[in-house]
Amino acid sequence: GGALAAKQAAVAVAMRNAVEKVVGVYVAANSLTKNYQLLKDEILTRADGFVVLREIVRTEREGNIVRVVIRAEVSTRPLAERLKALRLTRAFRVFVQTPNTVPASEVATAFTDAGFPVVEDKANADVIVRVSPRFTTTARTPLKTAAGEMTLHSVRADVKLTATRAETGETIATFAANDTAAHIALASAQTESATGALTNILPLLTNAVLTLPAQVSEPVEIVVSGMSGATEAATLAEAINIAVPGIKKITRRNYANGRAVYEVDILADATPLLSRALETATSLKRYRLRVTRESRSRVVVVCGP
-19 GGALAAKQAA
-9 VAVAMRNAVE
1 KVVGVYVAAN
11 SLTKNYQLLK
21 DEILTRADGF
31 VVLREIVRTE
41 REGNIVRVVI
51 RAEVSTRPLA
61 ERLKALRLTR
71 AFRVFVQTPN
81 TVPASEVATA
91 FTDAGFPVVE
101 DKANADVIVR
111 VSPRFTTTAR
121 TPLKTAAGEM
131 TLHSVRADVK
141 LTATRAETGE
151 TIATFAANDT
161 AAHIALASAQ
171 TESATGALTN
181 ILPLLTNAVL
191 TLPAQVSEPV
201 EIVVSGMSGA
211 TEAATLAEAI
221 NIAVPGIKKI
231 TRRNYANGRA
241 VYEVDILADA
251 TPLLSRALET
261 ATSLKRYRLR
271 VTRESRSRVV
281 VVCGP
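For the sequence shown, this note's numbering begins at -19 and goes up steadily by one.
As structure tokens, then:
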């Protein structure tokens, strides 16, 4: 009974650690420190609501200590939405690009309400949102009114809404919808039909941008020297995978003469956290890692005294 309880407790801690890793991607480092108690109360103590255990890979026992390695899946959308509700998510700056027939305020308001700052200068944006409408006049109905003869314009708007990363031009998400409207002024019919179409897809796009930190990854090479042997190189890979926020996969490319080369697939917004995590993560302390050189795609590390 005691052994089973210890294993269950170890699994619970591991699942909480998995959630904490993803939280580290969504929340800026200074905010993590300042709001740790809030995160602990609202997120980490309720981690089982955001993560699903897929597999217990390995269980180790040393006296009264039980260690487990698990494979778990964190549900990023509900986690991101909860962090947004707590006003802790990283605020991507959004630039809205629309033609004259579509009011930018409709799109800007949706992103502002979702917690994103909307900027007027494209150069300051992290995310660019483009509205691309196509209008078809489906009917022109003559009207006789007290003000004279008029035409009622019936218009269908096919609207495509696209978000891209400003830095890379990479598409985050694209959604499309259509709607119809009728008005005696053609421009008003176009605006109303486009607005109706946007109403259906704006929530989908804001959600896609909300979960962006957990979507985009990039390869980074980690070179570690000063290792005692291949066994230590293998255990270090496992420890890095567990300790560093945002790592999706780590592969040891080679090992020779105390030097190991790893390739990690890491979430793009977690890359700036990599070097600091290698030096300060509690579970990596025993390796005494020291970063001697770093770039966006390569980190050079010394292991040991």
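Note that beta-carbon positions come from the ideal geometry of N, C-alpha and C, so glycine has one too. As the structure is a prediction and not an experimental result, all values here were calculated from the model.
Residue i, DSSP secondary structure in three states
i	result
Leu247	strand
Glu274	strand
Pro58	helix
Val111	strand
Ile45	strand
Thr294	Any property of residue 294 remains undetermined from this structure, which presents the chain solely from -19 to 285.
Phe75	strand
Val99	coil
Ala90	helix
Ala52	strand
Arg34	strand
Check whether residue i and residue j have beta carbons under 8 Å apart
i	j	result
Ala52	Leu33	yes
Val37	Val(-1)	no
Met(-5)	Val49	no
Thr231	Glu212	no
Ala162	Leu132	yes
Val224	Leu254	yes
Val204	Phe72	no
Ala250	Gly226	yes
Thr191	Arg26	no
Asn(-3)	Ile222	yes
Arg270	Val281	yes
Val139	Ala156	yes
Glu201	Ser85	no
Leu66	Glu22	yes
Own chain partners of residue i with C-beta closer than 7 Å, once the 5 adjacent residues on each side are dropped
i	result
Thr92	Val98
Neighbourhood of residue i by C-beta distance below 8 Å, restricted to the same chain and skipping five residues each side
i	result
Ala146	Phe75, Lys102, Ala105, Asp106, Val107 and Ile108
Ala81	What sits at residue 81 in the sequence shown is Thr, not Ala. Hits under 8 Å: Pro113, Phe115, Ala167, Gln170, Thr171 and Ala174.
Val286	Any answer about residue 286 is impossible in this case: the structure gives the chain only from -19 up to 285.
Val279	Val200, Glu201, Ile202, Val203, Leu254, Ser255, Leu258, Val271 and Arg273
Ser134	Thr117, Thr118, Ala119, Arg120, Thr121, Thr160, Ala161, Ala162 and Ala169
Any non-hydrogen atom of the ligand ADP closer than 7 Å to residue i Cβ
i	result
Thr142	Within the structure as shown, the ligand ADP is missing, as the structure has no ligands at all.
Cβ-based neighbour list, residue i, same chain, cut-off 6 Å, excluding 5 preceding and 5 following
i	result
Thr142	Arg110 and Thr154
Ala94	Thr186
Thr39	Val48
Buried versus exposed, by CB contacts within 10 Å (16 or more), residue i
i	result
Ser208	exposed
Ser173	buried
Lys1	buried
Tyr246	According to the sequence as given, residue 246 is Ile; it is not Tyr. By the 10 Å Cβ count, Ile246 comes out buried.
Gly128	exposed
Gly(-18)	exposed
Thr117	exposed
Gly149	exposed
Ala217	buried
Leu18	exposed
Leu182	buried
Thr78	buried
Ile45	exposed
Leu123	exposed
Ala(-15)	exposed
Ala126	exposed
Ala165	exposed
Ala90	buried
Leu184	exposed
Leu214	Sequence inspection shows Ala at residue 214; the Leu mentioned does not correspond to that position. Ala214 is exposed by the Cβ-count criterion.
Ala236	exposed
Ala210	exposed
Ala(-11)	exposed
Short CB-CB distance (under 8 Å) between residue i and chain C
i	result
Asn187	Absent from the structure is chain C; it holds one protein chain and no more.
- Complete runs of the alpha helix (DSSP H) confined to the region 118 to 196 [at least 4 residues]: 166 to 190
- Query: What runs of the beta strand (DSSP E), each 3 residues or longer, lie entirely inside the region 208 to 263?
  - Reply: 227 to 236 and 239 to 247
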